[in-house]
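Residue numbers (UniProt numbering): 1 to 340.
The structure under discussion appears below in the form of structure tokens.
Dropping the structure here:
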């Protein structure tokens with residue numbers, strides 16, 4: 001039996017429109033995340049202590065319980081920096097816990113949290129005026145050698161976006177290489193503990209793909225499906241992998257995270273939320289044994305105003321936090337290159 005759990009409440013309530021890119025910073029015990037639509041990065045120092053509640057699986061009394069963190073009345077402590085363009089993903093750097101290399105509108109840039117000015121390392125579409133105007137970066141991650149991989153997608157579209165996105169790799173010398181082309185909405189990049197298997201989703205395909213990954217060169221090969229989201233109106237979004245080898249995949253439109261074995265693809269557990277648009281999980285906390293989960297608002301319009309009445313129907317836009325029994329995260333990769 002596949003255990004199903006329900007996470008009933010958010011941990012913090014920043015009311016994001018399109019919350020994404022959750023990033024735990026171990027050196028400062030802080031959580032950072034982005035709101036792509038509002039073009040903001042948010043950061044918050046985690047409280048020293050906060051109570052939790054245990055919840056059993058809703059369908060299996062023999063399954064271990066999860067620990068869900070109570071809602072923290074610390075939303076006022078969330079700090080925000082607004083930028084002139086959308087930022088979608090954050091990479092840690094060795095310089096400072098508040099210095100990130102980010103996937104921005106046109107390429108890879110340095111963002112010093114608190115400073116609204118981006119400093120570009122590489123503009124990836126300088127030779128293609130059409131793509132320069134219509135594309136933006138989406139999800140990405142740093143590999144075990146300190147290279148930052150991130151994918152691009154159309155900023156606006158009707159139906160499914162065209163498959164004209166690219167997974168780029170930013171190397172330590174600041175050079176940019178194409179890993180592969182043909183992405184629609186690239187999402188959920190992560191690697192196995194040994195770094196030799198890479199996992200990546202292209203959301204409209206409803207598939208998470210597994211690749212062989214060459215640690216020396218940063219090349220990906222031997223693409224094959226590992227997880228397929230079969231339900232209608234649901235697609236894989238962001239994901240992370242545990243040190244124990246399970247994928248935790250956010251399901252956009254499905255109010256859930258699904259846990260799959262990264263070797264066999266076997267579904268092992270389902271975690272449901274009072275929000276339909278689940279965007280990305282990441283492991284964090286001092287022992288890397290907590291999952292932080294970003295979500296998107298039901299109404300992603302820039303003129304949307306949050307209301308308590310809407311929140312009773314859907315808690316999209318908030319951050320959830322809980323512990324998964326028997327699983328912890330891998331240390332997050334740090335970009336080991338130039339940060340102008």
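All C-beta atoms in this analysis are idealised placements derived from N, C-alpha and C, irrespective of residue type, glycine included.
Keep in mind the model is a prediction, meaning the values are calculated, not measured.
*Determine the extent of the beta strand (DSSP E) in which residue 278 is found, giving its start and end residues.*
As a first step, residue 278 is located in the chain shown; it is residue number 278 there, counting from the start. It spans 277-284 - the beta strand (DSSP E) in which residue 278 sits, taken as one unbroken run.
*Would you call residue 227 buried or exposed, if buried means 16 or more other Cβ atoms sit within 10 Å of its Cβ?*
Counted from its first residue, the chain shown places residue 227 at position 227. Residue 227 sits buried, since 16 or more C-beta atoms from the chains shown fall within 10 Å of its C-beta.
*asked:* Spatial neighbours of residue 53 within its chain, please: C-beta separation below 6 Å, excluding the five flanking residues on both sides.
replied: Residue 53 sits at position 53 when you count from the first residue of the chain shown. Apart from sequence neighbours up to five positions away, the residues of its chain that approach residue 53 with a beta-carbon distance below 6 Å are 68, ordered along the chain.
*How would you call residue 252, buried or exposed, if buried means at least 16 neighbouring beta carbons within 10 angstroms?*
Here residue 252 refers to the residue found at position 252 when the chain shown is read from its first residue. Under the 10 Å beta carbon count, residue 252 is surrounded by 16 or more other beta carbons and is classified as buried.
*When we look at the beta-carbon of residue 314 and count the other beta-carbons within 10 Å, is it buried (16 or more) or exposed?*
Within the chain shown, the letter at position 314 stands for residue 314. With 16 or more neighbouring CB atoms inside 10 Å of its own CB, residue 314 falls in the buried class.
_Spatial neighbours of residue 265 within its chain, please: C-beta separation below 6 Å, excluding the five flanking residues on both sides._
As a working mapping, residue 265 is identified with position 265 in the chain shown. The answer, listed in chain order, is 226, 227.
*Note down the Cα distance separating residue 137 from residue 197, rounded to an integer number of angstroms.*
Counting from 1 along the chain shown, the entry for residue 137 is found at position 137. Counting from 1 along the chain shown, the entry for residue 197 is found at position 197. Approximately 23 Å between the Cα atoms of the pair.
*residue 150 in three-state terms, based on DSSP*: On the chain shown, residue 150 is found 150 positions in, with the first residue counted as 1. DSSP places residue 150 in strand when its eight states are reduced to three.
*Hey, could you find the ends of the alpha helix (DSSP H) residue 4 is sitting in?*
On the chain shown, residue 4 is found 4 positions in, with the first residue counted as 1. Annotation: residue 4 is outside any alpha helix (DSSP H); the continuous beta strand (DSSP E) that includes it extends over 3-6.
*Looking at C-beta atoms only, is the number of pairs between the region 320-329 and the region 215-234 that lie closer than 8 Å three or more?*
The region 320-329 vs the region 215-234: no contact.
*Do residue 124 and residue 168 come within 8 Å of each other at the CB atom, strictly closer than that value?*
Taking the chain shown and counting its residues from 1, the one referred to as residue 168 is at position 168. Taking the chain shown and counting its residues from 1, the one referred to as residue 124 is at position 124. Closer than 8 Å, so yes.
_Taking the straight line between their C-alpha atoms, what separation do you get for residue 334 and residue 90?_
In the chain shown, the residue the question calls residue 334 occupies position 334. In the chain shown, the residue the question calls residue 90 occupies position 90. Distance between the alpha carbons of residue 334 and residue 90 is about 10 Å.
*Count the other C-beta atoms from every protein chain shown that fall within 10 angstroms of the C-beta of residue 238, then say buried if there are 16 or more, exposed otherwise.*
As a first step, residue 238 is located in the chain shown; it is residue number 238 there, counting from the start. Its Cβ being crowded by 16 or more others within 10 Å, residue 238 is buried.
*Residue ranges of each alpha helix (DSSP H) within the region 109-165, 4 or longer*: Assignment of alpha helix (DSSP H) within the region 109-165, counting only whole runs of 4 or more residues, yields 129-134 in chain order.
*residue 290: first and last residue of the uninterrupted beta strand (DSSP E) it sits in*: Numbered from its first residue, the chain shown carries residue 290 at position 290. Residues 290-296.
*asked:* Looking only at its chain, what residues have a beta carbon closer than 6 Å to the beta carbon of residue 360, apart from the 5 residues adjacent to it on each side?
replied: Outside the displayed range of the chain (1 to 340) lies residue 360, so it cannot be described from this structure.
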